[in-house]
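Colleague: I have a structure I would like to understand better, so I am pasting it below and will then ask my questions one at a time.
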Amino acid sequence: MATTTVCIGSFTSVKALWEKRIQKQKEELSTEREHRQKASLSKLAHAWEDRISLAKLKTKVIKEDGRLILKIEKEEWKTLPSSVAKLDHLQEWQLHRINLTKIPTFIGKFRNLLVLDLSRNSIVEIPREIGQLIKLQELLVSYNKIKAVPKELSSCENLEKLDLAVNRDICDLPQQLSNLKKLYHLDLSMNQFTTIPSAVLNMPALEWLDMGSNKLQQLPEAIDRFVNFMDNPLELQVSLPPCESPEEEEERELFGIEFMHAYIQQSIEQRRTDASTVDVMVTINNEE
Numbered sequence: 187m188a189t190t191t192v193c194i195g196s197f198t199s200v201k202a203l204w205e206k207r208i209q210k211q212k213e214e215l216s217t218e219r220e221h222r223q224k225a226s227l228s229k230l231a232h233a234w235e236d237r238i239s240l241a242k243l244k245t246k247v248i249k250e251d252g253r254l255i256l257k258i259e260k261e262e263w264k265t266l267p268s269s270v271a272k273l274d275h276l277q278e279w280q281l282h283r284i285n286l287t288k289i290p291t292f293i294g295k296f297r298n299l300l301v302l303d304l305s306r307n308s309i310v311e312i313p314r315e316i317g318q319l320i321k322l323q324e325l326l327v328s329y330n331k332i333k334a335v336p337k338e339l340s341s342c343e344n345l346e347k348l349d350l351a352v353n354r355d356i357c358d359l360p361q362q363l364s365n366l367k368k369l370y371h372l373d374l375s376m377n378q379f380t381t382i383p384s385a386v387l388n389m390p391a392l393e394w395l396d397m398g399s400n401k402l403q404q405l406p407e408a409i410d411r412f413v414n415f416m417d418n419p420l421e422l423q424v425s426l427p428p429c430e431s432p433e434e435e436e437e438r439e440l441f442g443i444e445f446m447h448a449y450i451q452q453s454i455e456q457r458r459t460d461a462s463t464v465d466v467m468v469t470i471n472n473e474e
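Using our numbering, the first residue of the sequence shown is number 187, and each one after it goes up by one.
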């Protein structure tokens, strides 16, 4: 007759091992369930915050000259909530002194944007998505902390005005910006330029350029437009085409007006003199 030997110690060890595994699985399931609940609550809270933010942003939307404008001044925002992307019908942003540190990457969704005015904030960079704003006419980001300008800005083919003044650290511009065929106003004052970027010299429509308070040491031979170079340490002998100051131009216009006035008066007096001479001659002839 065969006998079966059972090792009680081994059975107890296996049982304990399985119980540990089961307990660990229960704990993992419980932890996962808690994480899901927290994530769900976090999503609900985030969605609720977005709703509140969107409602607040909608109160900041005004209409001026037929344009829908998001206008916020002297408030603390730092970053814009993702819910603002739902206001993609906006045509203008005016966000001043709100301590904004970042232009959101979803800025590219605002395809109807004509003016982006983010002056006097703490923005450190312009995102590449800015190039998706093909209708943009004005980009105003003066008094920020921007260090460089992305080449993608050259895709804003309707850009007419670019203000980068008082960022203090910009020292060059991408060559691609020379493709901005409609840009006529460019303010680069109070930065770190040591020379005029070649991109600027090749901008076909540029009429107004301010490079005051930079570190310009030399001017390229190709410079042939009226520009502002005030407060730059220029020491080289530079010859520029003669241009009239506003006072000289005003004096010239006044002289022209005075000259025309005197000419007209002289013509009138001459006609009167001629008429008197004719009258006298007629009288004398009659007497004869």
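Note that CB positions come from ideal geometry on N, CA and C, so glycine has one too.
DSSP state of residue 326, grouped into three classes?
Modeller: Strand at residue 326.
Colleague: Spell out whether any CB of chain D is found under 7 Å from the CB atom of residue 358.
Modeller: No chain D is present in this structure, which holds just one protein chain.
Colleague: Check each candidate in 262, 245, 265 and name the one with the smallest Cα separation from residue 256.
Modeller: Out of 262, 245, 265, 245 has the C-alpha closest to the C-alpha of residue 256.
Colleague: Would residue 338 and residue 301 be called neighbours here (beta carbons separated by less than 7 Å)?
Modeller: No, Cβ-Cβ distance for residue 338 and residue 301 is not below 7 Å.
Colleague: Mapping the DSSP letters down to three states, classify residue 198 as helix, strand or coil.
Modeller: DSSP places residue 198 in helix when its eight states are reduced to three.
Colleague: If we ignore side chains and look at the alpha-carbon of each, how far apart do residue 319 and residue 405 end up?
Modeller: Between residue 319 and residue 405, the C-alpha separation is close to 33 Å.
Colleague: What number of angstroms, rounded off, separates the C-alpha of residue 313 from the C-alpha of residue 366?
Modeller: One C-alpha to the other measures close to 18 Å.
Colleague: Following the continuous beta strand (DSSP E) through residue 247, name the residue where it begins and the one where it ends.
Modeller: Unbroken beta strand (DSSP E) run through residue 247: 247-250.
Colleague: Rounded to a whole number of angstroms, what is the C-alpha to C-alpha distance between residue 215 and residue 207?
Modeller: The alpha-carbon atoms of residue 215 and residue 207 are separated by roughly 12 Å.
Colleague: Quick check on the DSSP output: the alpha helix (DSSP H) that includes residue 387 runs from which residue to which?
Modeller: Its alpha helix (DSSP H) spans residues 384-387.
Colleague: Select from 283, 384, 317 the residue whose C-alpha is nearest the C-alpha of residue 328.
Modeller: Out of 283, 384, 317, 283 has the C-alpha closest to the C-alpha of residue 328.
Colleague: Could you tell me which residues DSSP puts in a beta bridge with residue 278?
Modeller: According to DSSP, which records beta bridges pairwise, residue 278 is partnered with 255, 301.
Colleague: Report the CB separation of residue 373 from residue 350 in whole angstroms; it is logged as a contact under 8 Å.
Modeller: Yes, residue 373 and residue 350 are in contact; Cβ-Cβ is about 6 Å, under 8 Å.
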